[in-house]
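Step one of this worksheet: look at the structure below.
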Amino acid sequence: MVTDLLWDNLRHGTEDSGGPAGSDGDRSPAVYVLLQVCLPHCANLCPASQRFLRATVNQCRSQGYVETIRGRRRPLPGLSSANAAVRSAAERQAINTLVQGSAADLVKLATVAAQRSMDSLLATRPGLHANLVLQLHDELLWEVSQEISQHLATALRRAMENALPLTVHLPVNLRMGPSWGQLRKIQT
Numbered sequence: 001m002v003t004d005l006l007w008d009n010l011r012h013g014t015e016d017s018g019g020p021a022g023s024d025g026d027r028s029p030a031v032y033v034l035l036q037v038c039l040p041h042c043a044n045l046c047p048a049s050q051r052f053l054r055a056t057v058n059q060c061r062s063q064g065y066v067e068t069i070r071g072r073r074r075p076l077p078g079l080s081s082a083n084a085a086v087r088s089a090a091e092r093q094a095i096n097t098l099v100q101g102s103a104a105d106l107v108k109l110a111t112v113a114a115q116r117s118m119d120s121l122l123a124t125r126p127g128l129h130a131n132l133v134l135q136l137h138d139e140l141l142w143e144v145s146q147e148i149s150q151h152l153a154t155a156l157r158r159a160m161e162n163a164l165p166l167t168v169h170l171p172v173n174l175r176m177g178p179s180w181g182q183l184r185k186i187q188t
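Letter by letter, the sequence shown follows residues 1 to 188 of the numbering used here.
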């Protein structure tokens, strides 16, 4: 199986074939397997994803920019470049901007919605607190009073899952504990 081969090569390491720099000779067999076998296989498993990515690049090429889910635009003039390397880089940037930019839009909206929800709940309970300590990509770390932690978790899940109306459900996983290293998954 390909995944077993890839895991075995990554775990034990392999020697490079010694080809010229920048050629396939630089790549370990594990990387070669990933590029030549795994990725095309994944494309066959997800044809709708491949169509979506091609449509994204084509739309960006015709408009001259790509847009995130909330309408932020990034111009990509390199899509019409005669230089294949520049054009290929711009195609990757178009997809990356759409996916990661939209994820950033979503987490920003969710963070604002969660803070409003926290503020509303805390307004009725003086002396208790809920502070956003850290945002790391799509994760938010809150420090909250233990007395209201379960209520805040429920409010936080609701605010984050409904931050942006989408046709798909985006589940929110919550973990709680006395310290960051002791967080355990909870259900609300």
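Glycine included, C-beta positions come from ideal geometry on N, C-alpha and C.
If you follow the beta strand (DSSP E) that residue i is part of, which residue opens it and which one closes it?
i      : result
Leu136 : 130–136
Leu141 : 139–144
Leu174 : 174–176
State the CB to CB distance for the pair residue i and residue j, rounded to an integer number of angstroms; the pair is presumed to be in contact (CB under 8 Å).
i      : j      : result
Leu79  : Met118 : Not confirmed; about 42 Å, so no contact.
Gly189 : Thr154 : A query on residue 189 cannot be resolved here, the shown segment of the chain reaching from 1 to 188 and no further.
Arg125 : Ile148 : 6 Å
Tell me whether the beta-carbon of residue i lies closer than 8 Å to the beta-carbon of residue j.
i      : j      : result
Ala94  : Ser81  : no
Leu122 : Ala110 : no
Val66  : Arg74  : yes
Arg175 : Leu183 : yes
When you compare each of the options to residue i by their alpha carbons, which one comes out closest?
i      : options                       : result
Asn162 : Ala113, Leu141, Arg73         : Ala113
Arg87  : Met160, Ala110, Val57, Ala104 : Val57
Glu139 : His129, Ala103, Gln187        : Ala103
Gly64  : Ser145, Leu53, Leu76          : Leu76
Leu240 : Val144, Val99, Pro126         : With the chain running from 1 to 188 in the structure shown, residue 240 is simply not present.
Leu204 : His169, Arg125, Trp180        : Outside the shown range of the chain, which is 1 to 188, sits residue 204, and nothing can be said about it.
Gly71  : Leu183, Ala159, Thr97, Gln187 : Thr97
Leu156 : Thr68, Gln187, Pro126         : Gln187
Val172 : Thr68, Leu106, Ser62, Pro126  : Leu106
Arg61  : Leu134, Ala48, Arg92          : Arg92
Specify, as a first and last residue, the run of the alpha helix (DSSP H) that residue i falls within.
i      : result
Leu156 : 149–161
**Residue ranges of each alpha helix (DSSP H) within the region 63–124, 4 or longer** = Listed in chain order, the alpha helix (DSSP H) elements of length 4 or more contained wholly in the region 63–124 are 84–96, 102–123.
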